[in-house]
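Student:
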Amino acid sequence: MKIQHLEMKNITKRFPGVLANDNVSIGVHSGEVLALLGENGAGKTTLMKILYGLYQPDEGEIWINDLPVTIHSPRDAMRLGIGMVHQHFMLVPTLTVVENVILGLPTGRGPLLYTKEATERLVELSQKYGLKTNPNAYIWQLSVGEQQRVEILKVLYRGAELLILDEPTAVLTPKEVDELFSILEEMVDLGLGIIFISHKLKEIMQISDRVTVLRNGRSIHTLPTADTSEHELAELMVGRDITNEFPRQYQHTEKAILEIASLEVFNDQRLLAIKNLSLQIHAGEIVGLAGVSGNGQRELAEALVHLRDVQSGKILLNGKDVTHTNPAQMIEAGIGYIPEDRLHVGTIPTFSVSENLILKDHAKKPLSKYGFLQLENIKKYTTNLVEEFDIKTPNIQAPAKTLSGGNIQKLVLAREIARQPKFLLANQPTRGLDIGATEFVYRRLIEQRDQGKAILLISEDLDEIFTLSDRVAVIYEGKILGIVPISQAKRESIGLLMAGLSENN
Ligand SMILES: Nc1ncnc2c1ncn2[C@@H]1O[C@H](COP(=O)(O)OP(=O)(O)O)[C@@H](O)[C@H]1O
Ligand SMILES: [Mg+2]
Numbered sequence: 027m028k029i030q031h032l033e034m035k036n037i038t039k040r041f042p043g044v045l046a047n048d049n050v051s052i053g054v055h056s057g058e059v060l061a062l063l064g065e066n067g068a069g070k071t072t073l074m075k076i077l078y079g080l081y082q083p084d085e086g087e088i089w090i091n092d093l094p095v096t097i098h099s100p101r102d103a104m105r106l107g108i109g110m111v112h113q114h115f116m117l118v119p120t121l122t123v124v125e126n127v128i129l130g131l132p133t134g135r136g137p138l139l140y141t142k143e144a145t146e147r148l149v150e151l152s153q154k155y156g157l158k159t160n161p162n163a164y165i166w167q168l169s170v171g172e173q174q175r176v177e178i179l180k181v182l183y184r185g186a187e188l189l190i191l192d193e194p195t196a197v198l199t200p201k202e203v204d205e206l207f208s209i210l211e212e213m214v215d216l217g218l219g220i221i222f223i224s225h226k227l228k229e230i231m232q233i234s235d236r237v238t239v240l241r242n243g244r245s246i247h248t249l250p251t252a253d254t255s256e257h258e259l260a261e262l263m264v265g266r267d268i269t270n271e272f273p274r275q276y277q278h279t280e281k282a283i284l285e286i287a288s289l290e291v292f293n294d295q296r297l298l299a300i301k302n303l304s305l306q307i308h309a310g311e312i313v314g315l316a317g318v319s320g321n322g323q324r325e326l327a328e329a330l331v332h333l334r335d336v337q338s339g340k341i342l343l344n345g346k347d348v349t350h351t352n353p354a355q356m357i358e359a360g361i362g363y364i365p366e367d368r369l370h371v372g373t374i375p376t377f378s379v380s381e382n383l384i385l386k387d388h389a390k391k392p393l394s395k396y397g398f399l400q401l402e403n404i405k406k407y408t409t410n411l412v413e414e415f416d417i418k419t420p421n422i423q424a425p426a427k428t429l430s431g432g433n434i435q436k437l438v439l440a441r442e443i444a445r446q447p448k449f450l451l452a453n454q455p456t457r458g459l460d461i462g463a464t465e466f467v468y469r470r471l472i473e474q475r476d477q478g479k480a481i482l483l484i485s486e487d488l489d490e491i492f493t494l495s496d497r498v499a500v501i502y503e504g505k506i507l508g509i510v511p512i513s514q515a516k517r518e519s520i521g522l523l524m525a526g527l528s529e530n531n
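Its first residue numbered 27, the sequence shown is counted upward by one per residue in the working numbering.
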């Protein structure tokens, strides 16, 4: 059977405590790319796992060419011509490309002969769709982009006519994304249908013919890509007006909360990663530290929270010398830390949401009294934070690692902000987050600044630096190459400085 048109009608899927898909309908034709757009947790993967037979819907139907079908397993799905490339690849590293492609298929004849035939078919398929690959290479030898091509070939080899790609670009470099897109265009030209999942608006505008927007488990809207814009899609996805313009109430205060003087810090190879660095951050300002990663940002951040030794120089927090203290004393002195690695440094992944929220305060009143945890108080405290910071979790006992990236970041933010730090260190606070979560983080940081906190924002993202900072500094090879008020900062010169160049050369 050839898939001309596939429809999922009124699909509902419940997990304990979560309505993952709520009466969702989508349709896709052969020869088109349908984009499925939604924030983390919107229900995209669940819907596609239903289509691929990995989950059974609680309600709803799937129709192909105007006939209802039942899909109880991936085997059923593949028999109908539906193939899925998962977000996380499922290849065996110690097998070759061709071995991975035929893995799990009935052989029917001697393995050697079979591999030879399979190789021939694989070469044919890769030529047909422009999917360059070497059938005899081992998976471990391949780049991520190449591995993804093998996953796609595996699905095509099984005769897929409708291809589901779950966030395929998340792991790719920009060049690999371009390559993938030309492959997808080739496939569509040859009559395949594609469901392309993403939360990246630029990509959706570029590759899709139509877009269905999912939000909170519901299909909000479907529209032709040519009739919409990134801005409209962003608002549909998030469900409210999106802004990147925050009021600047910044008033320069003289009070330095954080003072770094002539700081020197080693990297892991015991080379100087931070060289004679001096910086002051005042109450009520955000200083953006722009730079390409690997120029000392990590070492600076770690030195400030005392996860790394200071070789020489001084750090003062609120006038107090904290150069040679320990992490616990830094926390006590009033530092809040939003680390780069939110899952492993920011949280303890196996601990519950609630335990992670009280990680730094569990021994204090009112969470603890006479050495005993006050469970009722803890429950109230953490439930409030979950609500206030809009942390999407089935309950406060769920392990932190089960949350999406955006929600883990909200958890870290909630814990650090609730502690009322005087100085907040935010290292790449929105890397990998979707638009809604990013805007949430921005609002909270601005709010903190307006309450008089001093904030150091370390970011590779120039848009982010320009959106949030009151002053901007550039770090290059462990040194600060100039600090200017944002009103005087030019994007081009900041960009040049990040590359170690100035406008004059
Ligand atoms: N196997 C599961 N068990 C319980 N909850 C789940 C499961 N899979 C997904 N969820 C929940 O369903 C919702 C939708 O998740 P998902 O479909 O993965 O969203 P998306 O792919 O759009 O990020 C989320 O709240 C998620 O936590
Ligand atoms: Mg998903």
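Note that CB positions come from ideal geometry on N, CA and C, so glycine has one too.
#1: Using 8 angstroms as the threshold, is the C-beta distance between Thr376 and Val438 below it?
#2: At what residues does the beta strand (DSSP E) containing Ile108 begin and finish?
#3: Less than 7 angstroms separating the Cβ of Asn421 from some heavy atom of ligand 1?
#4: From Asn531 to Ala525, what does the alpha carbon distance come to, in whole angstroms?
#5: Counting only runs of 4+ residues fully inside the stretch 303-370, write out the alpha helix (DSSP H) ranges in chain order.
#6: Given a cut-off of 8 angstroms on the beta-carbon distance, is the pair Ala287 and Lys340 in contact?
#7: For a minimum of 4 consecutive residues, which ranges assigned as the alpha helix (DSSP H) are wholly contained in the stretch 31-94?
#8: Can you tell me where the alpha helix (DSSP H) with Ile178 in it begins and where it stops?
#9: Within the same chain, show all residues whose beta-carbon is closer than 7 angstroms to that of His388, passing over the 5 residues directly before and after it, in chain order.
#10: From Thr96 to Asp102, what does the alpha carbon distance come to, in whole angstroms?
#11: Among Tyr183, Glu187, Arg175, Leu188, which one has its Cα closest to the Cα of Glu202?
#12: Can you tell me whether Asp335 is buried or exposed? The criterion is at least 16 other CB atoms within 10 Å of its CB, across all chains shown.
#13: With a threshold of 8 angstroms on Cβ separation, who are the neighbours of Thr122 within its own chain once the five nearest residues in sequence on each side are excluded?
#14: What number of angstroms, rounded off, separates the C-alpha of Ala327 from the C-alpha of Ile190?
#15: Let me know if Thr141 comes out buried or exposed under the rule of 16 or more other beta-carbons within 10 Å of its beta-carbon.
#16: Does ligand 3 have a heavy atom nearer than 7 angstroms to the CB of Thr71?
#17: Verify the contact flag: Asn382, CB atom, against every heavy atom of ligand 1, threshold strictly below 7 angstroms.
#18: Please indicate yes or no: does the CB of Gln113 lie closer than 7 angstroms to some heavy atom of ligand 2?
#19: Can you say whether Ser208 is buried or exposed, counting buried as having 16 or more other CB atoms within 10 angstroms of its CB?
#20: Which complete beta strand (DSSP E) runs does the stretch 449-490 hold, if anything under 3 residues is left out?
#21: Hey, how far is the Cα of Ile29 from the Cα of Val313?
#22: Answer yes or no: do Ile512 and Ala499 have a C-beta to C-beta separation smaller than 8 angstroms?
#23: How about Ala68: is its Cβ closer than 7 angstroms to a heavy atom in ligand 1?
Tutor: Once the coordinates are examined:
#1: Here residue 376 corresponds to residue number 350 of the sequence shown, with the count starting at 1. Here residue 438 corresponds to residue number 412 of the sequence shown, with the count starting at 1. Going by C-beta atoms, Thr376 is not nearer than 8 angstroms to Val438.
#2: Along the sequence shown, read from residue 1 onward, the residue named residue 108 stands at position 82. It spans 108-111 - the beta strand (DSSP E) in which Ile108 sits, taken as one unbroken run.
#3: By one-based count along the sequence shown, residue 421 stands at place 395. Checking the Cβ of Asn421 against ligand 1 gives no.
#4: The residue labelled residue 531 in the question sits at position 505 within the sequence shown. The residue labelled residue 525 in the question sits at position 499 within the sequence shown. With a pLDDT of 45 at Asn531, under the threshold of 50, the predicted position of this residue should be treated as unreliable, though the coordinate-derived value follows. Their backbone Cα atoms lie some 12 angstroms apart in a straight line.
#5: As far as the stretch 303-370 is concerned, its whole alpha helix (DSSP H) runs of at least 4 residues are 323-330, 353-359.
#6: Position 261 of the sequence shown, counted from the first residue, corresponds to residue 287. Position 314 of the sequence shown, counted from the first residue, corresponds to residue 340. The Cβ atoms of Ala287 and Lys340 sit closer than 8 angstroms to each other.
#7: Secondary structure in the stretch 31-94: the alpha helix (DSSP H) runs of 4 residues or longer, each lying completely within the stretch, are 70-77 in chain order.
#8: As a first step, residue 178 must be located in the sequence shown, where it is residue number 152. Unbroken alpha helix (DSSP H) run through Ile178: 170-183.
#9: In the sequence shown, residue 388 corresponds to position 362, counting from 1. Closer than 7 angstroms at the Cβ level, and outside the excluded window around His388, lie Ser394, Leu399.
#10: Here residue 96 is taken as the residue at index 70 of the sequence shown, counted from 1. Here residue 102 is taken as the residue at index 76 of the sequence shown, counted from 1. Using only the alpha carbons, I get a separation of about 8 angstroms.
#11: Looking up residue 202 in the sequence shown gives position 176. When each option's Cα is compared against that of Glu202, the closest is Arg175.
#12: Reading the sequence shown from its first residue, position 309 is the one you call residue 335. The residue in question, Asp335, is exposed, as its Cβ has fewer than 16 Cβ neighbours within 10 Å.
#13: As a first step, residue 122 is located in the sequence shown; it is residue number 96 there, counting from the start. Close CB contacts of Thr122 within its chain, under the 8 angstroms cut and outside five residues either way in sequence, are with Pro161, Asn162, Ala163, Tyr164, Ile165 (chain order).
#14: As a first step, residue 327 is located in the sequence shown; it is residue number 301 there, counting from the start. As a first step, residue 190 is located in the sequence shown; it is residue number 164 there, counting from the start. Cα to Cα, the separation comes out at about 40 angstroms.
#15: Translated into positions along the sequence shown, residue 141 becomes position 115. Of the other Cβ atoms in all chains shown, 16 or more fall within 10 Å of the Cβ of Thr141; this residue is therefore buried.
#16: This structure simply doesn't include ligand 3; it includes ligand 1 and ligand 2 instead.
#17: Sequence index remark: in the sequence shown, residue 382 carries index 356 (1-based). Asn382: no, Cβ never under 7 angstroms from ligand 1.
#18: Your numbering for residue 113 matches position 87 in the sequence shown. Ligand 2 approaches Gln113 closely enough that one of its heavy atoms is under 7 angstroms from the residue's Cβ.
#19: Numbered from 1 along the sequence shown, position 182 holds the residue referred to as residue 208. By the C-beta density criterion, Ser208 is exposed, having fewer than 16 other C-beta atoms within 10 angstroms.
#20: The qualifying runs are 449-453, 480-485.
#21: Residue numbering aside, residue 29 sits at position 3 when the sequence shown is read from its first letter. Residue numbering aside, residue 313 sits at position 287 when the sequence shown is read from its first letter. When rounded, the distance between both Cα atoms is 55 angstroms.
#22: Indexing the sequence shown from 1 puts residue 512 at position 486. Indexing the sequence shown from 1 puts residue 499 at position 473. Between Ile512 and Ala499, the CB-CB gap reaches or exceeds 8 angstroms.
#23: On the sequence shown, residue 68 is found 42 positions in, with the first residue counted as 1. At least one heavy atom of ligand 1 is nearer than 7 angstroms to the Cβ of Ala68, so yes.
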